[in-house]
Structure formats: structure tokens, C-alpha cells
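Residue numbers (our numbering), protein chains in the order written: chain A, 13 to 305; chain B, 2 to 361. Note that CB positions come from ideal geometry on N, CA and C, so glycine has one too. Note that the structure is a prediction, hence the values are computed from the model and not measured.
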């Protein structure tokens, strides 16, 4: 088993080994900065400029609309279900993979990665093929009057699918590096499995866990492709924020469209900010946690 | 920041931990509050009758007004409050969602073959749906006109000008979009009549036309945004209503509408989704909604949004004046029934596929 390096290591030790001259360094840094400015910062700024193109009242009006409210509600609801689900699943999966040996472990790791490598459109379509009226379970669902596709359950399912790997991928290398020694010690001292998990494992992984939940949440709220396929785009019912942005844009309602988009962009910024803040405030503890064993 | 921290490292860690805990608890509380409110409001919304109209792409503004008018009239007539929800997208993909199980009460699509497809593949609509409503399920008709850049710099006057060497045409994908299919059929019909009813020459004309299309969007609205907002292409053959909507949204100083001497008689039909309304118990309201489309009030709204009402006398004269007279041909007269039209042109291996194959 190859032990992966801790992904949460802050980039602290750099600089001294570089032998390139000043000009080369300046050029490389310059290219990176220009690239970031052109392809990341500029579009992001444009979102906010467009959103405020007609002033505050037009900006706020975009959120008082009924359909916008329902899109916000649905997005929160989806994240509120998908994130805890993936949190529990992710901890269980990475626990099993990092602490136990069993057949088919590599296959499981590959499967967990699958949603990252599959196009989101395909992720949505597989649910249509399984739960759609013409799909595998369609007739049965129809008989029992259960609506999954083109309703909230389908949107939640598709979101869970695309955000599946976030927690597990972050935790597996972390847990693998920490090994099983501390848990074994706790168990020999008479702790129950649950107690050992709560007092030993969980504190060891908490920072990795927090990051992954943040990222998972950002993706859950921002997912477009998979959700678009299963949504059916019923106004006020099955549109999430990203879908609502597209609808407004297609109705030439550019200010409202970018206003709602700015909400998503703001969410991304807050996610980044919290992540950096945590890294900065707790860098010592994170490093200690990774080094402890 | 450092000034507010306690002095000993242990105490500091403890207070940090507490803060993190509070943060976590706070966010959990926030999320559950959101969850609760979402559940509550969705529960409240389900108490009243809801109709779902699954429609094609350019009718967003139209049905906003129609729905409001219907809700008001239904309330006045019966005292019942109904909610009419709408979903819009390329006509073909909308038909697909109905087949895959979206609980639509009525469909108002862009082309008859899409309703035929729902009927054939899902049996939720009877095959004889054309006979259930007046005028074969057509409360209004439309046609295809050209939207060009201001001053018409490429001199586009008729369908033949679309294949001039330096003209770029923006049109949606006929596989998914009804507007795209009307454009395709209109161009074909034009060439067929012009070339003395020669099928091969008509096919070649359409093939050349699609070689000059840089972007194939999935729906008519997507193409409009590509042309008007992103500034691609020289001419946008599109639904008459869509062309005038761009006028209203972007200002008349940027575009001109060119009405060709002949164009197609476009038929966007409506139908009840029988299986769904019986299941949901909304037959009465859904039928009333479709009947409402034939009333004077709705007919006037169609004309206002640049659709061609079947009762012209119900529309305001100034709205009628914006619907110019031109020679319209019916594609059925040239190609036979809709099953054939769909199969020959747009199904897998049909004319569109043959024409868009890369040259060997």
C-alpha cells in the first residue's frame, strides 16, 4: 500500500532550494499572476459589475422574486441533505479503507472516484435511465405514485452522486498516514469502538473533514450539469440556483441573472476564505496532527 | 487579532475549540432552519391545485401573461385558486421529459411531431389528440422570419441569400428544437418550389445552408442569445415572435427584421396529457386551461406577443399590423403526413443526419 502524502500540508517550506535567477522567477510568477487575473479574477469581477449594473434596488429585486426564493430554498435543502449524507458515507468509507484490509479494496477506491471522472450530464442521465418513466424502475415507481426524476428527490440524488468523492478522497490519505496504532492503543485500554472513534480518530481528522465538507457544500450548491438533466426546469419547483441563473440569462434578464450568480460566486469566496482562515489559524495544529504518529 | 487572545497556549486552544464548536452548531442550526422552512412551504404549496404546462423555448414571456390571465379567470368563475407552473426548453427535449415522466398536465410544444412522439412512446396522449381541440390543437400559428444586423449589411432578402458564400447563419439544432425544424423545413420548402419540385436540389440547398451554420444551439432561445448577445452570425432565421422579442429587449437600433416573400406555416400545437391529469385529478382544470387559449382574451395576448392568433378579430389592430402578410406554405402539402416528415428529415439516419455527415 503506497502511503499518500497528507493533502492538508500548508506550503510552508519553499524558497531556499530555488536556484533560478531573479528574472526567471519574476517571469514565471508574472505569467501565473496574469493568467489568474485574466481567467479567474476578471470573470469574477464581471459577475459583480453586471449584478450591480442597475444599482442596489435592482440587485435586491432579483432575490425578492418568488422563483428566486424557491431556487434558494431548493439549493439549501439539497445541500442540507447531500452534505451530511456524504459526510457520513465519506467517514465510513475512508475508515474502512484506511483501517482494514479486505478484498476488492482497490476497486472500492476506484468506484469512489468514479463521479469525478464521469461527465455530470452522464451522472444525471443514469438517474433518468433508472428512475424515469421509461426506465428500469419507472413502472414500479409509477404504480406506487413516487416521483423521483423531475422532482426534489432526483435533484438530491444527482447532487449526492457528483459530490460523493469529496469527503472520502480527502480523508483516505489522511487516515492511511495516521495508521491504526492510536486506535489499537485505545482499544487495548478498554475503549469501545465508538468511544475510540470519537476520542481518537475524529480529533485526528477534524481539519481534513472540515475542508472536505466545505468543498462538498460548495459543489452541492453549485452543481449544474447533473441537476439540469433531472430537474425538468419547472419554475418555482425544481430549479436550483445555477439553473435559475441560466433561465434568467435566457430571458434577457441580465441584471437578475448576474445578481443570483453573484450569490453563488459569494458562496465560493466565503468557502475559500474560511478554508484559508482555518489553514492559517490552525496550521500548527494541522501539522502536528499529521506528524503526531 | 492576536491582542484578544488569552495568554496560555492551552487556554487559547480551548477557546478556539469552543469557537469552532459554536461555528459548527451555528451552521447546523442554519441548515436545519432552511430545511424546515423549505419543507413547510412545499407542504403549503401542495394544498392547492397545480397545473404544469411543459412548453417550448420562446414562449416564456407569453405563458407568464397567459397563466396570470387564466388564474384570474378561473378564480372568478369557480372560486378555486390554481397555480400554473411552466417549464421551458427545446421542444424535442421537453417532449423527452414528458416521456420520461415529468407530471405535465398540458403540453404546448413547437411542432406536431413532438406531441406525436409523446403519444407513440409513452401512450400518455391519445394518438388522435389533433381532434380533441379546435383547429387541430392550434390556438395560434406562427412563421419563420429573419433577424439581421442593423442595415442588413449582407443584403439578406430571401431564403436563397442564406447560402451566399460569406453569410453565417445561426439556427438551433433540428434534432432538439422545434424552431430548428421549422427553419429546416422552411428552407427545404423554399428550394423545392424554386427548383421546380426537385427533391435532390432542395436537399442540396439545405445541405449548403447547414454548412454555413457555426453554432447549433439546443433551443431557439439559445440561438437568439448566441446571435443577439454574443454577436455571432449574420442572420438568425427564427420564430416571428422571437425576432420581435429581440427587438423589444435589445432595442431596434441594433437589428432589423427581414420578412422573406415566402415562408412556412408553422404549427405549434397544444394537447392534454390524459394519463397525467387522470392520475393527478386535474382534468377539469387542465381542460379549462386549454379551452382558455381559444378565448378572445388569450387570442389578444397571443397577438400582443407576435404570435398569429386564429381569431384575428379578437386581437388589437396595432398588434395585427405587426404581423405582415406573406405567402405561407404548409409542409404537409409538400411532404405528406407528420410521421413521414419527422422520419424522413429528423430521425436517426434522416436527411439532416445525411447532410451533416462530413464529406467523404
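| Item | Value |
| --- | --- |
| Shortest alpha-carbon distance to residue 221/A belongs to which of 130/A, 194/A, 98/A and 271/A? | 98/A |
| Report yes if the C-beta of residue 116/A is less than 8 Å from at least one heavy atom of the ligand SAM; otherwise report no. | The ligand content of the structure shown is nil, which means the ligand SAM is not present either. |
| Which residue from 117/B, 294/B, 113/B and 87/B puts its Cα closest to that of residue 103/B? | 87/B |
| Quick check on residue 257/B: does DSSP put it in helix, strand or coil? | strand |
| Less than 8 Å between the CB atoms is what I'm expecting for residue 257/A and residue 272/A, so what's the real figure, rounded? | 5 Å |
| Residue 145/B and residue 236/B - do their beta-carbons sit closer together than 9 Å? | no |
| Within the 9 Å Cβ cut-off, does residue 295/A reach chain B? | no |
| Pop quiz: residue 145/A and residue 154/A are said to be a contact at Cβ under 8 Å. What is the actual Cβ separation, rounded to whole angstroms? | 6 Å |
| Run through DSSP, which three-state label would residue 328/B get? | strand |
| Since I believe residue 174/A is in contact with residue 135/A (beta carbons under 8 Å), could you give me their beta-carbon distance rounded to a whole number of angstroms? | 5 Å |
| Quick one: is residue 238/A near chain B, going by C-beta distance under 9 Å? | no |
| Enumerate in chain order the residues of its own chain whose CB-to-CB distance from residue 192/A is below 7 Å, with the five nearest sequence positions on each side excluded. | 111 |
| Within the same chain, show all residues whose beta-carbon is closer than 8 Å to that of residue 56/B, passing over the 5 residues directly before and after it, in chain order. | 64, 87, 88, 89, 95, 108, 109 and 110 |
| Could you tell me the distance, in whole angstroms, from the CA atom of residue 1/B to the CA atom of residue 139/A? | Here chain B comprises residues numbered 2 to 361, so residue 1/B is not present and cannot be evaluated. |
| DSSP three-state call for residue 287/A: helix, strand or coil? | helix |
| Hey, residue 186/B and residue 265/B: beta-carbon distance below 9 Å or not? | yes |
| Going by DSSP in three states, residue 256/A sits in which element: helix, strand or coil? | helix |
| Can you tell me whether residue 160/A is helix, strand or coil according to DSSP? | coil |
| Using DSSP with H/G/I as helix, E/B as strand and the rest coil, what is residue 141/B? | strand |
| So, under 8 Å CB-CB, residue 389/B and residue 330/B are touching, yes? Tell me the CB distance rounded to an integer number of Å. | Outside the shown range of chain B, which is 2 to 361, sits residue 389/B, and nothing can be said about it. |
| When the Cα atoms are used, what is the spatial distance from residue 47/A to residue 212/A? | 43 Å |
| Quick check: the Cα distance between residue 33/B and residue 87/A, rounded to an integer number of angstroms? | With a pLDDT of only 48 at residue 33/B, under 50, the local geometry of the prediction cannot be trusted, and the value read off the model is given with reservation. In a straight line, the C-alpha of residue 33/B is about 13 Å away from that of residue 87/A. |
| Pick from 238/A, 198/A and 208/A: whose alpha carbon is nearest that of residue 127/A? | 238/A |
| Per the DSSP calculation, residue 196/A is bridged to which residue(s)? | Beta-bridge pairing links residue 196/A to no other residue. |
| How should residue 106/A be labelled, buried or exposed, when 16 other C-beta atoms within 10 angstroms of its C-beta is the threshold for buried? | buried |
| Just to confirm before moving on: does the CB-CB distance between residue 251/A and residue 226/B stay below 9 Å? | no |
| Taking residue 175/B and residue 353/B to be in contact with their CB atoms under 8 Å, please state how far apart those CB atoms are, rounded to whole angstroms. | 5 Å |
| If distances are taken between C-alpha atoms only, which option among 199/A, 274/A and 293/A comes closest to residue 6/A? | Past the boundaries of the shown model lies residue 6/A; chain A is included only from 13 to 305, so the question cannot be answered. |
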